[in-house]
Amino acid sequence: MRTRWFDRPLETIAMLWHIERADGIALGFAAHDRDLVIGHVRYHAAPGMLPSAIEMDDGFDPLDMDVGGALSHQLIRADDLEAGRWNGAAIRMGLVDWERPQDGAAWFWHGHLGSVSIEGQQFTAELRGLKALLDADYAPTSSPSCRAEFCGPGCGLSRARFERIGVLAAVEGDALVFEGLVGPDAAKLVQGQVRWISGACAGLDSRIIDHDGPGLLLERSLAPQPQAGDLALLIEGCDKAFATCSARFGNAVNFRGEPHLPGNDLLTRFATF
176 MRTRWFDRPL ETIAMLWHIE RADGIALGFA AHDRDLVIGH VRYHAAPGML PSAIEMDDGF
236 DPLDMDVGGA LSHQLIRADD LEAGRWNGAA IRMGLVDWER PQDGAAWFWH GHLGSVSIEG
296 QQFTAELRGL KALLDADYAP TSSPSCRAEF CGPGCGLSRA RFERIGVLAA VEGDALVFEG
356 LVGPDAAKLV QGQVRWISGA CAGLDSRIID HDGPGLLLER SLAPQPQAGD LALLIEGCDK
416 AFATCSARFG NAVNFRGEPH LPGNDLLTRF ATF
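The opening position of the sequence shown corresponds to residue 176 in my numbering, with each subsequent residue numbered one higher.
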């Protein structure tokens with residue numbers, strides 16, 4: 176690996192992009208006119224993928240930038256971008272000497288993809304660096320609802336108890352009907368997730384916002400639409416209310432909220448005698 180860059184009158188440098196999507200797909204691209212193989216990973220030629228100006232400093236403010244390119248590469252498809260397969264993908268950028276790719280790459284930026292927009296045959300994706308994590312609240316904010324993610328850190332419940340594999344029986348309008356799922360079971364899935372594990376939607380997930388009898392209503396429509404016989408992981412949800420945590424899950428001891436704390440409306444109430 177080269178230890179110094181941009182120290183010669185004529186450089187043979189290509190920029191690399193290594194992307195790992197949430198659905199488990201890992202892709203590599205090189206701002207070069209031919210594919211490069213580095214560390215058993217093929218970086219596909221994508222000379223049209225260029226970042227905005229790269230700025231790095233030792234401060235704590237997030238330094239965001241964008242990457243843009245043409246929807247011309249077969250691995251960058253508009254339907255995948257619109258379906259959200261690229262949202263939140265882990266990404267790293269680096270440099271390589273394309274005359275000596277066997278020397279490896281020098282990685283200089285790590286982060287993830289933010290919002291992705293498409294205009295015509297061009298796409299633009301926001302790049303969010305590791306310092307963006309500093310935007311999170313330093314201390315938890317009081318709230319009447321639970322701050323913990325259901326079955327996540329602080330909740331204490333095992334997700335294995337509240338998930339099942341379902342087989343899609345039919346798509347009725349905006350509702351998805353799964354085999355063997357009845358109304359009471361569908362109600363438990365509200366605020367949960369559907370995570371597809373087979374079919375054209377494999378790797379995608381969507382939040383369940385309501386149910387119509389046994390049919391599940393999702394937060395957003397999927398493209399392409401799932402078909403009967405597709406398998407999905409159905410994960411129950413929680414409305415983060417103290418009553419639900421106590422009565423339904425028996426988990427009040429781990430409730431991460433302040434349900435009895437007086438709110439701002441206390442100041443506007445009329446005095447009673």
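All residues carry an ideal CB built from backbone N, CA and C; glycine is no exception.
Bridge partners of residue 269, per DSSP?
191 and 282
For residue 276, count neighbouring C-beta atoms within 10 Å of its own C-beta (all shown protein chains included) and say buried if the count is 16 or more, exposed if not.
buried
Measuring straight from C-alpha to C-alpha, what distance separates residue 341 and residue 409?
6 Å
Please go through the same chain and pick out, in chain order, the residues whose beta-carbon is closer than 7 Å to the beta-carbon of residue 332, but skip the five residues on each side of it.
326, 424 and 426, listed in sequence order.
Could you check the C-alpha separation between residue 283 and residue 372 for me, to the nearest Å?
34 Å
Kindly indicate which residue of 367, 390, 383 and 198 has the alpha-carbon position closest to the one of residue 355.
390
At the level of alpha carbons, what is the spacing between residue 249 and residue 189?
The alpha-carbon atoms of residue 249 and residue 189 are separated by roughly 20 Å.
For residue 292, the residue or residues it bridges with in DSSP
Under DSSP, residue 292 shares a beta bridge with 299.
Would DSSP call residue 380 helix, strand or coil?
strand
Which residues bound the beta strand (DSSP E) around residue 390?
390-393
Could you spell out the range, first to last residue, of the beta strand (DSSP E) harbouring residue 351?
350-353
Local conformation of residue 412 per DSSP, three classes
coil
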